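K.L.:
I'd like to ask some things about the structure below.
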Amino acid sequence: MNTETKTEAQSTKLTDAAKNQNLREIAHNLSNDVPLEVLTKMLLDANTELNKRLGSEKKVVLDEICALVKKHKISLEDITKALEKNDALFRANDALKARNMYRDPESGNFWNGVGRKPNWLVRYEENGVDTTQFVIGGNQLSSNLTPHFYNPKKPQQRWNGYGRKPEWFIKMKDKGIDAESFVIYL
1 MNTETKTEAQ
11 STKLTDAAKN
21 QNLREIAHNL
31 SNDVPLEVLT
41 KMLLDANTEL
51 NKRLGSEKKV
61 VLDEICALVK
71 KHKISLEDIT
81 KALEKNDALF
91 RANDALKARN
101 MYRDPESGNF
111 WNGVGRKPNW
121 LVRYEENGVD
131 TTQFVIGGNQ
141 LSSNLTPHFY
151 NPKKPQQRWN
161 GYGRKPEWFI
171 KMKDKGIDAE
181 SFVIYL
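Residue numbering for the sequence shown follows the UniProt record's numbering, starting at 1 and increasing by one per position.
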């Protein structure tokens with residue numbers, strides 16, 4: 001990094017620090033002088049403006065993406081594959097979506113659909129094998145596999161249904177989340 005770039009980065013940090021300090025001072029002064037109802041209204045208005053700006057920024061990015069897709073004539077399948085490969089597919093409520101659990105028939109290794117695809121699954125895809133046959137669930141089950149519930153936030157945490165229920169399972173039930181959608185067979 002050259003000295004000009006370092007100087008620019010340092011001045012940006014100083015400017016950001018100064019802005020944050022000014023914002024803290026403004027917030028402190030407002031909290032003492034302004035009634036709670038007015039302060040609440042200001043916060044709601046600021047939140048509305050923030051959401052509006054974030055939405056317009058997202059629209060600009062989407063317009064740019066659409067222009068590039070048209071220009072280079074990229075198919076939806078190509079885009080989807082690229083997004084999957086780069087782990088860049090997102091859902092509106094990704095945390096509560098059940099993911100497929102995959103099992104390697106050769107090694108018995110599992111992949112819960114979170115994070116990078118394992119090499120064994122990538123190799124099958126590259127060889128043209130339909131990977132849906134490795135999804136565990138429903139009619140793919142053999143008689144020696146037993147059901148286990150897994151924590152959607154930490155899939156390595158599992159419970160076989162016997163004994164005391166773990167905290168994460170109890171919280172999931174209390175929130176009204178269907179635990180059956182988080183069953184894997186081991």
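From the three backbone atoms N, C-alpha and C, an ideal C-beta is built for every residue, glycine too. This one's a predicted model, so the numbers in the text were calculated from it and none came from an experiment.
Apart from the five residues just before and just after K154, which ones in its own chain have a Cβ nearer than 8 Å to its Cβ?
P.N.:
One-based indexing of the sequence shown puts residue 154 at position 154. Excluding positions up to five away in sequence, the list reads W168.
K.L.:
E180 to F149, Cα distance in whole Å?
P.N.:
Within the sequence shown, residue 180 is the residue found at index 180, counting from 1. Within the sequence shown, residue 149 is the residue found at index 149, counting from 1. In a straight line, the C-alpha of E180 is about 8 Å away from that of F149.
K.L.:
Q156: which of V114, A67, K59 and D178 sits nearest, CA to CA?
P.N.:
As a first step, residue 156 is located in the sequence shown; it is residue number 156 there, counting from the start. Out of V114, A67, K59 and D178, V114 has the C-alpha closest to the C-alpha of Q156.
K.L.:
Using the Cα positions of E125 and K70, report the straight-line distance between them to the nearest angstrom.
P.N.:
In the sequence shown, counting from the first residue as 1, residue 125 sits at position 125. In the sequence shown, counting from the first residue as 1, residue 70 sits at position 70. For E125 and K70, the distance between alpha carbons rounds to 27 Å.
K.L.:
DSSP state of Y124, grouped into three classes?
P.N.:
Here residue 124 refers to the residue found at position 124 when the sequence shown is read from its first residue. The answer is helix: DSSP assigns Y124 an H, G or I state.
K.L.:
What are the boundary residues of the beta strand (DSSP E) that includes F149?
P.N.:
What you label residue 149 is simply residue 149 of the sequence shown in a count that begins at 1. Unbroken beta strand (DSSP E) run through F149: P147 to Y150.
K.L.:
What are the partner residues of residue 190, as DSSP defines its beta bridges?
P.N.:
With the chain covering 1 to 186 only, the question about residue 190 has no answer from this structure.
K.L.:
For A67, report the span of its alpha helix (DSSP H) as first-last.
P.N.:
Stepping through the sequence shown from its first residue, residue 67 is reached at position 67. A67 -> alpha helix (DSSP H) spans L36 to H72.
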